[in-house]
Amino acid sequence: MLLCNIFVNRQWCKIIIPILWREPTIHLKDARLIRIFLLMLNAEEQALLIPFKISLPSHPKPLFEYTNYITSVSNDLYDGIRKWLPYKTENELENAIKCSLIAMFLRTSKNLRHLSLNGPICNQIIFENLYKKTTITSMDLCEFKYKAIDGLVRFLNKNSTLTSLNLISIQLEYEGVITLIENLYKNTVLNSLGLYNNQISIEELKILANFLCNNTTLTTLYFYRNNLGLEGVKALADTLCKNTTITSLDLYENNLGSEGGKALANAICKNTTLTSLNISHNDIGSGIGKALADVFCKNSTLTSLNLGWNDLGPEGGKTLADALCKNSTLTSLNFHSNNIGSEGGKALADALCKNVTLTSLNLENNNLGSKGGKALADALCKNDTLTSLNLATNNLGLEGGKALADALCKNFTLTSLNLRYNNLGSEGGKALADSLCYNTSLTSLNLRSNELESEGGKALAGALCNNTTLTSLNLENNNLGSEGGY
272 MLLCNIFVNR QWCKIIIPIL WREPTIHLKD ARLIRIFLLM LNAEEQALLI
322 PFKISLPSHP KPLFEYTNYI TSVSNDLYDG IRKWLPYKTE NELENAIKCS
372 LIAMFLRTSK NLRHLSLNGP ICNQIIFENL YKKTTITSMD LCEFKYKAID
422 GLVRFLNKNS TLTSLNLISI QLEYEGVITL IENLYKNTVL NSLGLYNNQI
472 SIEELKILAN FLCNNTTLTT LYFYRNNLGL EGVKALADTL CKNTTITSLD
522 LYENNLGSEG GKALANAICK NTTLTSLNIS HNDIGSGIGK ALADVFCKNS
572 TLTSLNLGWN DLGPEGGKTL ADALCKNSTL TSLNFHSNNI GSEGGKALAD
622 ALCKNVTLTS LNLENNNLGS KGGKALADAL CKNDTLTSLN LATNNLGLEG
672 GKALADALCK NFTLTSLNLR YNNLGSEGGK ALADSLCYNT SLTSLNLRSN
722 ELESEGGKAL AGALCNNTTL TSLNLENNNL GSEGGY
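Next up, the structure:
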């Protein structure tokens, strides 16, 4: 009977646990699971914790190999460790426990795909186990110092499965960059490289740019917060004229400025492979309008463009809107926080009446006002390709809300509409409620923080009785009261 029960329990575990572990990173926050994992440390892994004189669990090792279901290890592991520890501790102890656990995961897990490591936890035992691991396809390395480059390079030389590598706040120094690039020349499987907040010097960037000119495997390049400046972006722009494999480029917050933006725009006019570009938070200003307009008219591969937080202003908005009328490839445009105003909004509304490819448009926080809202509402009555529109934080007011409500009665392609923080009021809520009785395409509507109050809430509740397509409705922070739904 005992053997029968053990067999049944094991079979049950084999069926149920994979279902429960569909999102394994969630479980790493659980102190109970951390306790089980600590039971699985071998003598070498336990030795890392001896200096801290902590009491490790002493129960028998679990019959079931839980680590087989770990596919990703990230900073969520710290949450579980902190919950397991009976008292608040210094980071040094938390790092030591994480180091031991990761070494154990590398030794025992058969399905580990993603690994996130930071400088303080990395030592020889982790690298030795990492060299033997053949399942890792994605890795994030954070706050490493130059001395750790040798370990990384050795791993890259031995590994034939890693396709994505992110280096975050790494102090590479000039020699470290040369060593890394020399080994990347030999690598033929890596297709995504991320360099986040590394403050790369112009000399180091030129080395990287030269590598990218010759590389034929990288398709995605993330360049977050590296303070490229004008000279740096010029080197990268030259690369884009020669590279034929990069399809996605992210240059978020790199201090490009107007001249840097122009250099990049000119390069993209010549590039024939890039499909996605993010140049948000770069202070490129309104003067770059014409250069970007040329991109819209000449480039035939770009499908996604993020221009958010660049202070393009009304004139920049108008120039780009005119170019959008001629573009036939862009499907997603992010114009978040560019202060284009009602005039810029009107210009983009006119473009939507002519453009037949754009499916997603983000105009959040652009001071469109009721006039801009009305213009865009009129455009929605004519446009039949846009599926997602974000107009959050634009002070549309009652008039803008009513105009959009009327448009929803006539538009049957829009599936997602974000109107949060727009001061619509209860009357605006009622108008939108009426439109939901007629609209059959909208699946997501965000009306958060619009002062709808109980009257608006009741109207929307009634509309939901008739609407059969809406699956997501956000009414947070609207003072609905008990009569309005809360």
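Sequential numbering from 272 applies to the sequence shown in my numbering. Note that beta-carbon positions come from the ideal geometry of N, C-alpha and C, so glycine has one too. Note that the structure is a prediction, hence the values are computed from the model and not measured.
Rounded C-beta distance between residue i and residue j? I'm assuming under 8 Å.
| i | j | result |
| --- | --- | --- |
| residue 467 | residue 493 | 7 Å |
| residue 369 | residue 349 | 6 Å |
| residue 344 | residue 386 | 5 Å |
| residue 544 | residue 572 | 6 Å |
| residue 501 | residue 524 | Contact flag wrong, Cβ pair sits at about 15 Å. |
| residue 579 | residue 605 | 5 Å |
| residue 684 | residue 662 | Residue 684 to residue 662, Cβ: 16 Å. No contact. |
| residue 441 | residue 469 | 5 Å |
| residue 347 | residue 299 | 5 Å |
| residue 536 | residue 563 | 5 Å |
| residue 479 | residue 439 | That pair is no contact at about 16 Å. |
| residue 397 | residue 430 | Going by Cβ atoms, the distance from residue 397 to residue 430 rounds to 14 Å, so no, they are not a contact pair. |
| residue 419 | residue 393 | 6 Å |
Three-state secondary structure (DSSP) at residue i?
| i | result |
| --- | --- |
| residue 311 | coil |
| residue 442 | strand |
| residue 416 | strand |
| residue 276 | Since pLDDT at residue 276 reaches only 48, below the 50 mark, its modelled position is unreliable, and the value read off the structure follows with that caveat. Helix at residue 276. |
| residue 491 | strand |
| residue 521 | strand |
| residue 695 | coil |
| residue 721 | coil |
| residue 613 | helix |
| residue 549 | strand |
| residue 320 | coil |
| residue 707 | helix |
| residue 737 | helix |
| residue 516 | coil |
| residue 504 | helix |
| residue 580 | coil |
| residue 726 | helix |
| residue 358 | coil |
| residue 571 | coil |
| residue 455 | helix |
| residue 586 | helix |
| residue 599 | coil |
| residue 338 | helix |
| residue 450 | helix |
Compare the C-alpha of residue i against each of the options and name the closest.
| i | options | result |
| --- | --- | --- |
| residue 612 | 665, 578, 402 | 665 |
| residue 653 | 434, 721, 622, 633 | 622 |
| residue 357 | 407, 422, 302 | 302 |
| residue 588 | 610, 574, 569 | 610 |
| residue 518 | 576, 565, 530, 496 | 576 |
| residue 549 | 562, 557, 574 | 574 |
| residue 600 | 607, 579, 359, 627 | 627 |
| residue 312 | 380, 715, 342 | 380 |
| residue 633 | 618, 625, 650, 607 | 607 |
| residue 688 | 455, 717, 569 | 717 |
| residue 745 | 650, 732, 739, 314 | 732 |
| residue 735 | 753, 715, 721 | 715 |
| residue 584 | 565, 638, 682 | 638 |
| residue 305 | 362, 400, 376 | 376 |
| residue 336 | 308, 437, 546 | 308 |
| residue 432 | 404, 675, 742, 551 | 404 |
| residue 552 | 677, 526, 505 | 526 |
| residue 534 | 507, 554, 625, 520 | 507 |
| residue 329 | 310, 338, 322 | 310 |
How would you write the range of the beta strand (DSSP E) that residue i sits in, first residue to last?
| i | result |
| --- | --- |
| residue 497 | It is not in any beta strand (DSSP E) - residue 497 carries neither H nor E in the DSSP assignment. |
| residue 472 | Per DSSP, residue 472 belongs to no beta strand (DSSP E) and is neither H nor E. |
| residue 603 | 603-605 |
| residue 575 | 575-577 |
From which residue to which residue does the alpha helix (DSSP H) around residue i run?
| i | result |
| --- | --- |
| residue 556 | First-last for residue 556: undefined, no H or E at that position. |
| residue 364 | 362-379 |
| residue 400 | 395-403 |
| residue 539 | 528-541 |
| residue 670 | 668-679 |
| residue 644 | 640-653 |
Using DSSP bridges, identify the partner residues of residue i.
| i | result |
| --- | --- |
| residue 385 | 343, 409 |
| residue 435 | 409, 463 |
| residue 660 | 632, 688 |
| residue 329 | The partner list for residue 329 (beta bridge, DSSP) is empty, contrary to what the question assumes. |
| residue 715 | 687, 743 |
Between residue i and chain B, is there a C-beta pair that is closer than 8 Å?
| i | result |
| --- | --- |
| residue 394 | In the displayed structure, chain B is absent; only one protein chain is listed. |
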